[in-house]
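Using this note's numbering, count along the sequence shown one by one with no gaps and you end on 536.
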Amino acid sequence: MLSMLVHTFQNRGVFTMTKLMPASVFVSTIRFKTLYDMHLRGGPPARRPQPKSPISGHPQMRGVVLKVLIKKPKKPNSANRKCVLVRLTNGKETVAWIPGEGHNLQEHSQVLVEGGRKPDLIGVKIRVIRGKLDCAPDSPYTVPNLLSICRIAASPVLVHLIINGHFSYTLSLFTVAATTDILDGYIARRFPTQRSTFGSIIDPVADKILVASMFLSLTYCQMIPALLTIVVIARDVCLITTGLYLRLSTMRSFDQSLGSVFHFSTQTVKITPTILSKFALVTATLIKPIGNYDLQTTLNILR
Numbered sequence: 234m235l236s237m238l239v240h241t242f243q244n245r246g247v248f249t250m251t252k253l254m255p256a257s258v259f260v261s262t263i264r265f266k267t268l269y270d271m272h273l274r275g276g277p278p279a280r281r282p283q284p285k286s287p288i289s290g291h292p293q294m295r296g297v298v299l300k301v302l303i304k305k306p307k308k309p310n311s312a313n314r315k316c317v318l319v320r321l322t323n324g325k326e327t328v329a330w331i332p333g334e335g336h337n338l339q340e341h342s343q344v345l346v347e348g349g350r351k352p353d354l355i356g357v358k359i360r361v362i363r364g365k366l367d368c369a370p371d372s373p374y375t376v377p378n379l380l381s382i383c384r385i386a387a388s389p390v391l392v393h394l395i396i397n398g399h400f401s402y403t404l405s406l407f408t409v410a411a412t413t414d415i416l417d418g419y420i421a422r423r424f425p426t427q428r429s430t431f432g433s434i435i436d437p438v439a440d441k442i443l444v445a446s447m448f449l450s451l452t453y454c455q456m457i458p459a460l461l462t463i464v465v466i467a468r469d470v471c472l473i474t475t476g477l478y479l480r481l482s483t484m485r486s487f488d489q490s491l492g493s494v495f496h497f498s499t500q501t502v503k504i505t506p507t508i509l510s511k512f513a514l515v516t517a518t519l520i521k522p523i524g525n526y527d528l529q530t531t532l533n534i535l536r
């Protein structure tokens with residue numbers, strides 16, 4: 234049809250064509266680089282393709298939480314918003330905001346997301362509509378938890394050995410206990426299925442019980458100054474008190490209830506004190522009656 238119209242206009246002298254172009258040339262889309270090029274050729278410019286949403290083509294999509302984020306809205310005097318970095322089933326990663334309350338999401342939680350822009354958060358166009366989707370509760374029966382419980386069970390045995398003067402056996406058992414502390418952390422980091430909320434609580438508790446029992450028993454045998462033991466235990470008490478205070482203040486900033494402060498599946502503050510110096514001091518103290526060396530030099534190094 235288009236070829237017939239061109240032939241008619243040519244016969245009437247409207248324009249002259251030496252060779253009739255195919256009709257496909259006239260209906261093809263032409264992209265113009267400049268406005269002047271568009272003016273010469275005529276026609277609207279081609280629309281720039283919009284960036285596709287990570288869930289384009291799907292109303293909803295499942296994903297796994299990689300990291301919990303805290304974003305500050307652009308509106309002044311607004312409370313911080315809790316967001317999550319989600320890896321979707323199509324392999325893409327996106328940031329999603331959590332509407333409402335009650336979403337105690339953490340790493341490796343399964344969520345269901347859909348499109349929904351949050352005006353206060355720049356660049357966040359996805360929202361979580363269901364948290365902890367089909368997620369089974371954490372199992373406390375893991376290898377790191379077993380190692381932590383063994384560390385707690387070894388504490389009274391170590392106290393008995395120290396009081397009765399069996400320092401060789403004490404040093405061997407304490408070395409094994411310190412090795413389990415390193416091993417359970419490696420297993421929990423290396424294998425995500427071995428992580429649990431109970432493990433995040435029992436691991437530091439086991440360390441505190443082990444170190445406190447060793448310091449108290451060595452102080453009872455007059456091998457460590459009482460003032461040093463008081464300082465170590467008081468430091469641990471201050472860390473626990475500060476952690477509870479920071480957790481209470483951060484949970485209130487998220488408009489959470491007071492009961493959620495003791496819900497340990499929500500992690501807002503993490504304080505990790507070094508325990509290597511304490512292990513080194515206890516080991517050096519146990520070696521003293523075996524190897525007969527000057528302990529004061531070790532204390533000066535660890536000070």
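Note that CB positions come from ideal geometry on N, CA and C, so glycine has one too.
Quick caveat: nothing in here was measured; it's all calculated off a predicted structure.
Q. According to the Cβ coordinates, are Lys-441 and Asp-414 closer than 8 Å?
A. Cβ distance not < 8 Å, so Lys-441 and Asp-414 don't count as in contact.
Q. Candidates Ala-421, Thr-322, Val-297: which alpha carbon is nearest Thr-375's?
A. For the residues Ala-421, Thr-322, Val-297, the minimum Cα distance to Thr-375 belongs to Ala-421.
Q.
Give me the residue from Ile-385, Gln-339, Met-294, Lys-351 with the minimum Cα distance to Leu-345.
A. The shortest C-alpha to C-alpha distance from Leu-345 to any of Ile-385, Gln-339, Met-294, Lys-351 is the one to Met-294.
Q.
Measuring straight from C-alpha to C-alpha, what distance separates Asp-270 and Pro-292?
A. Asp-270 and Pro-292 have their C-alpha atoms some 40 Å from each other.
Q) If you compare alpha carbons, which of Gln-427, Lys-305, Ala-312, Lys-308 is closest to Ser-381? A) When each option's Cα is compared against that of Ser-381, the closest is Gln-427.
Q. Should the stretch 348–362 be regarded as contacting the stretch 385–392, the criterion being three or more beta carbon pairs within less than 8 Å?
A. With the rule of 3 Cβ pairs closer than 8 Å, the stretch 348–362 does not count as touching the stretch 385–392.
Q: Run through the stretch 305–345 for me and flag every whole beta strand (DSSP E) of 3 or more residues, listed as ranges in chain order.
A: Within the stretch 305–345, the complete beta strand (DSSP E) runs of at least 3 residues are 314–321, 326–330.
Q. Can you tell which of Pro-287, Ala-467, Leu-354, Cys-454 has its C-alpha closest to the C-alpha of His-399?
A. Scanning Pro-287, Ala-467, Leu-354, Cys-454 for the CA closest to the CA of His-399 turns up Cys-454.
Q: Excluding the 5 residues preceding and the 5 following His-393 in the sequence, name in chain order all residues of the same chain whose CB lies nearer than 7 Å to its CB.
A: Same-chain partners within the cutoff: there are none.
**Q.** Contacts around Val-465, its chain only, beta-carbon distance under 6 Å, and the 5 residues preceding and following it disregarded
**A.** Excluding positions up to five away in sequence, the list reads Phe-448.
Q: Look at the alpha carbon of Tyr-478 and the alpha carbon of Ile-355, and state the distance between them as a whole number of angstroms.
A: Taking the straight line from one Cα to the other gives about 31 Å.
Q. Span of the alpha helix (DSSP H) holding His-393?
A. In the DSSP assignment, His-393 falls within the unbroken alpha helix (DSSP H) covering 376–396.
Q: Whole angstroms is fine: what's the gap from Val-297's alpha carbon to Lys-325's?
A: If you take the alpha carbons of Val-297 and Lys-325, they lie about 11 Å apart.
Q: Provide the residue(s) that pair with Gly-348 in DSSP beta bridges, ordered along the chain.
A: Per DSSP, Ile-359.
**Q.** N-terminal and C-terminal residue of the alpha helix (DSSP H) that Thr-267 is part of
**A.** Premise fails: Thr-267 is in no alpha helix (DSSP H) and is neither H nor E.
Q) With a Cβ-Cβ cutoff of 8 Å, do Thr-327 and Pro-352 count as a contact? A) Taking 8 Å as the cut-off, the beta carbon of Thr-327 is found no closer than this to the beta carbon of Pro-352.
Q. What's the C-alpha gap between Pro-373 and Leu-406?
A. Rounded to the nearest whole angstrom, the CA to CA distance from Pro-373 to Leu-406 is 25 Å.
Q: State the DSSP-derived secondary structure class of Leu-230, mapped to helix, strand or coil.
A: Here the chain comprises residues numbered 234 to 536, so residue 230 is not present and cannot be evaluated.
**Q.** Residues bridged to Arg-295 [DSSP beta-bridge criterion]
**A.** For Arg-295, which the question treats as bridged, DSSP gives the partners Leu-345.
Q | Pairwise C-alpha distance: Pro-309 and Phe-259 | A | Because Phe-259 carries a pLDDT of 45, less than 50, the predicted location of this residue cannot be relied on, and no value is offered for it.
(Q) I'd like to check one pair, Ile-331 with Lys-315: are the Cβ atoms closer than 8 Å? (A) Taking 8 Å as the Cβ cut-off, Lys-315 and Ile-331 qualify as a contacting pair.
**Q.** Host alpha helix (DSSP H) of Gly-418 (start-end)
**A.** Where Gly-418 is concerned, the enclosing alpha helix (DSSP H) stretches over 400–423.
Q: State the Cα-Cα distance for the pair His-341 and Ile-463, rounded to the nearest angstrom.
A: So the alpha carbons of these two residues sit roughly 40 Å apart.
Q) Thinking C-beta only, is Lys-300 closer than 8 Å to Leu-321? A) Inclusion of Leu-321 and Lys-300 in the CB contact set at 8 Å is not warranted, their separation being larger than that value.
Q) To the nearest angstrom, how far is it from the Cα of Leu-443 to the Cα of Ala-467? A) Their backbone Cα atoms lie some 15 Å apart in a straight line.
Q. So what does DSSP say about Leu-460, is it helix, strand or coil?
A. Helix at Leu-460.
**Q.** Proximity to Ala-439 [Cα-Cα], best of Leu-379, Thr-403, Lys-285
**A.** Comparing Cα positions, the closest option is Leu-379.
Q. Comparing alpha-carbon positions, which option in Pro-437, Thr-412, Ser-289 lies nearest Gly-349?
A. Nearest option by C-alpha distance: Ser-289.
Q.
Taking the straight line between their C-alpha atoms, what separation do you get for Val-390 and Leu-338?
A. C-alpha of Val-390 to C-alpha of Leu-338: approximately 39 Å in a straight line.
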